[in-house]
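A short write-up of the structure that comes next.
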Amino acid sequence: MTAIAHLSEVDIKEFGRELDLIRDEVIASRGADDAQYIRRVIAVQRGLEAAGRTLLFASVLPPAWLAGTTALAVSKILENMEIGHNVLHGQWDWMRDPDIHSTTWEWDSASPADMWKHSHNFVHHTYTNVLGRDRDIGYSALRVSPEQPWHPVYLAQPLYNAALAVFFEWGIAVYDVELERAWSGEKSWGEALTQLRHVLRKAGRQVAKDYVAFPLLAGPSWLPVLLGNFTANVARNLWSHTIIFCGHFPEGATVFTEDQLDGETRGDWYVRQLLGSSNIDGGPLFHIMSGNLSHQIEHHLFPDLPSNRYAEIAPRVRALCERFGLRYNTGPLAHQTLNVWKRIVRLALP
Amino acid sequence: MVALSHGLGGFVADVVEGRRAPKVGPRVLDAVGWLTTPLLPDDYLGLLNPLWSARELCGRVEAVRPETADAASLVIRPGRGWVGHRAGQYVRVGVDVDGVRHTRTYSLSSPPERGDGCITVTVKAVPGGVVSTYLVGRAAPGLIVRLGPPDGTFVLPEPLPSRLLFLTAGSGITPVMGMLRGMASRAVMPDVVVVHSAPSRDGVIFGAELRALAARFPRLRLYERHTRAVAGDGRFTVAALADVCPDWSRRHAWACGPTPLLDDIERHWRRHGVASRLRVERFRPAVASSGGRGGRVRFTAARRAVYAAAGTPLLQVGEDAGVLMPSGCRMGICYSCVARLASGRVRDLRTGREHGDEGELIQTCVSAAAGDVEIEL
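Sequence order for the protein chains is Y and Z. So for the first sequence, this note's numbering puts the first residue at 37; every next one is plus one. So for the second sequence, this note's numbering puts the first residue at 3; every next one is plus one.
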């Protein structure tokens with residue numbers, strides 16, 4: 037592979053050792069400040085949610101509707117990204133607080149946490165960007181890498197990617213059932229259907245909350261409440277789709293083959309995570325709103341370190357990459373997003 | 003009706019200050035659950051006031067009272083869901099130290115007769131003890147702690163026996179203090195002998211209160227032994243018991259203190275054939291720490307036990323034993339494999355560090371047994 041052709045086995049081992057040092061340092065310094073951070077984010081998110089839903093009850097007044105919907109959308113983004121995604125990764129398990137723990141957490145999303153943890157934490161983070169193993173490469177629906185064989189259905193992918201962006205949480209929920217693996221016989225239809233029922237039970241409560249319970253409670257304001265909830269969900273979907281697609285699909289992200297997994301060392305694993313991921317530049321607030329997936333590289337190198345610590349180690353990871361002549365893919369949001377969409381349009385064609 | 007007898011202002015103040023949780027029926031909470039899904043109403047209530055959350059019982063430290071140079075009593079107001087306790091029982095206390103939840107068990111030193119709805123635990127700082135040094139040295143009013151339900155059989159029977167003997171040493175006085183305070187507050191004091199050892203007169207936890215009780219109730223006789231005082235009495239041994247309490251074998255006895263003393267006491271009572279009259283409370287189970295060796299691993303749900311080598315991940319141990327083990331990346335990153343540790347300690351294979359509290363969630367794929375362990379799988 038050209039990106040690492042200049043590195044010897046010893047170099048890669050050293051690269052891995054340096055990253056292990058960074059990891060150990062963060063782990064040794066986790067403490068009360070970090071715990072306070074995540075508890076504060078959770079308190080702010082739940083406060084925003086309560087404020088947003090309360091404002092929406094007064095949504096006969098258009099400014100109240102706008103403010104309420106915005107607060108709710110921001111709360112839903114925080115809940116899914118900086119809180120849910122990272123808690124489910126086990127980033128806060130070290131606190132040993134059963135209330136903020138990967139095994140007990142459930143999130144405001146159509147997909148049940150346990151199924152998402154399997155498809156994301158295990159399949160995606162273990163086999164990152166390995167063709168045929170990492171189902172997140174195009175979510176088994178999109179062609180995002182020239183190495184994926186072309187099929188006429190990809191001609192429509194700019195369109196259905198736009199639709200996916202709007203209904204992203206539903207795409208993820210269905211995706212976690214792995215219907216294509218049942219189709220190909222890799223898993224039984226019985227198992228897939230059981231999982232689908234599991235999704236429907238979880239998603240049913242989600243739908244009931246946003247589109248039945250709160251509108252009912254709002255009485256005469258039921259319609260603006262329903263529309264506000266819908267808008268907040270769509271805004272969250274568009275945002276998370278945008279951030280997540282910038283994490284792996286911009287130009288330059290490398291894909292790997294299954295035989296490269298044989299005999300993979302710790303250093304090799306780090307290199308694969310690095311080359312398969314891209315960052316997004318931005319300020320502190322942007323990083324929080326992206327669930328710190330703007331530090332996708334650091335997240336993939338250390339998926340279980342607390343997200344609030346990625347920003348401080350990013351310069352060190354970047355310097356390390358420079359030292360070893362490895363690509364550290366980063367850019368502003370608009371640039372990375374444009375890049376992703378260009379790629380999706382171009383790869384729609386053979 | 004509280005609001006009437008106490009005035010609405012008092013009721014509101016009670017609610018705001020957490021003395022009283024707003025009364026909400028389970029059916030209402032169930033309905034509200036449709037609005038808070040996938041969370042529970044308690045997750046929001048707990049943010050307003052941790053004491054309102056019944057899902058995980060909390061308590062707020064109202065005062066920290068120094069008892070001796072290295073011991074303090076914490077006055078804790080339990081939140082919604084506290085069921086009340088019997089004097090002499092213990093309670094699990096969870097506290098965050100440097101961001102990490104630690105859980106320890108402490109005897110309650112307050113009787114249920116205490117009028118203000120609070121409970122107390124009395125903690126002696128153990129050198130190097132993370133939780134005890136924190137609670138004695140750093141805890142302050144306002145601190146929120148997690149509480150377990152009260153438990154334990156080290157209690158007084160009903161009706162009270164006519165003659166009682168309490169044999170305690172050091173912080174072993176704490177559960178007994180709960181019982182003495184309970185009897186004192188009801189002004190029911192049978193024939194009681196308290197034999198208590200502590201390093202010095204000043205080092206006696208509740209020293210002044212014990213002496214005051216003995217002065218108030220003639221039927222309560224207190225024998226203090228100050229083991230490290232100048233010209234002190236030396237360590238208490240069961241051989242000396244007959245001198246201070248000749249009728250010890252005819253009394254119902256309660257003993258609490260260091261393990262060697264309790265072992266001696268148990269042997270003594272057995273030898274005289276009166277073991278049925280003795281109740282013993284141990285603060286520390288007799289656990290042998292083990293270095294770089296493995297241990298016996300018991301999977302509690304699967305009811306299987308196997309020997310595990312020091313370097314073998316528990317995940318593999320379980321799988322080899324045919325236990326249904328959740329698993330994922332097998333390299334410590336995906337947390338698909340976490341399981342609850344019921345007892346014992348494990349070694350993190352990545353760092354070599356030993357850890358393990360009862361109930362801790364551990365990653366089985368990178369943890370090995372450090373001595374005997376029990377896993378809830």
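Built from N, CA and C at the ideal position, the CB exists for glycine as well.
Is residue i near residue j, with beta carbons less than 8 Å apart?
i               : j               : result
S313 of chain Y : H284 of chain Y : yes
V180 of chain Y : D170 of chain Y : no
W152 of chain Y : I74 of chain Y  : no
V2 of chain Z   : V95 of chain Z  : Nothing about residue 2 of chain Z can be reported from this structure: the residues present for chain Z run from 3 to 379 only.
S134 of chain Z : A141 of chain Z : no
G373 of chain Z : G354 of chain Z : no
R230 of chain Z : D193 of chain Z : no
P114 of chain Z : G184 of chain Z : yes
I335 of chain Z : H161 of chain Y : yes
F168 of chain Z : S199 of chain Z : no
Who does residue i pair with in a DSSP beta bridge?
i               : result
N122 of chain Y : N122 of chain Y pairs with nothing; no bridge assigned.
F156 of chain Z : Beta-bridge pairing links F156 of chain Z to no other residue.
Y225 of chain Z : Z:V197
S369 of chain Z : Z:D350
T124 of chain Z : Z:S75
D98 of chain Z  : Z:R103
S109 of chain Z : Z:Y92
E356 of chain Z : Z:R349
Does any residue of chain Y have a CB that is nearer than 8 Å to the CB of residue i?
i               : result
V18 of chain Z  : In this predicted model, V18 of chain Z has a pLDDT of only 49, less than 50, meaning its place in the structure is not dependable; the value taken from the coordinates is given anyway. Cβ-Cβ to chain Y under 8 Å: no for V18 of chain Z.
V95 of chain Z  : no
S251 of chain Z : no
G101 of chain Z : yes
Y309 of chain Z : no
V289 of chain Z : With a pLDDT of only 36 at V289 of chain Z, under 50, the local geometry of the prediction cannot be trusted, and the value read off the model is given with reservation. V289 of chain Z does not count as touching chain Y.
Y136 of chain Z : no
E360 of chain Z : no
T107 of chain Z : no
W54 of chain Z  : no
Count the other CB atoms, across all protein chains shown, that sit within 10 Å of the CB of residue i; report buried if there are 16 or more and exposed otherwise.
i               : result
E294 of chain Y : exposed
A290 of chain Z : Confidence at A290 of chain Z is low in this model, with a pLDDT of 34, below 50, so its placement is unreliable and the value that follows should be read with caution. Exposed, since its Cβ has fewer than 16 Cβ neighbours within 10 Å.
I364 of chain Z : buried
D133 of chain Y : buried
S164 of chain Z : exposed
W219 of chain Y : exposed
D245 of chain Z : exposed
D172 of chain Y : buried
D60 of chain Y  : exposed
L263 of chain Z : buried
R305 of chain Z : exposed
D32 of chain Z  : exposed
G264 of chain Y : buried
E214 of chain Y : buried
K238 of chain Y : buried
G207 of chain Y : buried
Out of the options, which one is the CA nearest neighbour of residue i?
i               : options                        : result
V178 of chain Z : Z:G86, Z:V282, Z:V63, Z:P161   : Z:V282
L41 of chain Z  : Y:G299, Y:D135, Y:A201         : Y:D135
A41 of chain Y  : Y:H371, Y:L362, Y:L374         : Y:L362
G320 of chain Z : Z:C367, Z:R227, Z:V276         : Z:C367
L321 of chain Y : Y:V307, Y:P339, Y:T301, Y:N344 : Y:N344
V157 of chain Z : Z:R223, Z:D32, Z:R82, Z:W256   : Z:W256
V46 of chain Y  : Y:L114, Y:A149, Y:R302, Y:D150 : Y:R302
T70 of chain Z  : Z:V123, Z:L280, Z:D204         : Z:D204
S111 of chain Z : Z:R342, Z:G144, Z:E160, Z:C258 : Z:C258
H323 of chain Y : Y:E118, Y:V80, Y:P386          : Y:E118
V291 of chain Y : Y:P339, Y:A149, Y:Y163, Y:L229 : Y:Y163
Spell out whether any CB of chain Z is found under 8 Å from the CB atom of residue i.
i               : result
L55 of chain Y  : no
G361 of chain Y : no
D135 of chain Y : yes
D295 of chain Y : no
G226 of chain Y : no
H323 of chain Y : no
W206 of chain Y : no
R241 of chain Y : yes
F285 of chain Y : no
G126 of chain Y : yes
D144 of chain Y : yes
Cβ of residue i less than 8 Å from any chain C Cβ?
i              : result
G67 of chain Y : No chain C appears in the structure shown, which is made up of the protein chains Y and Z.
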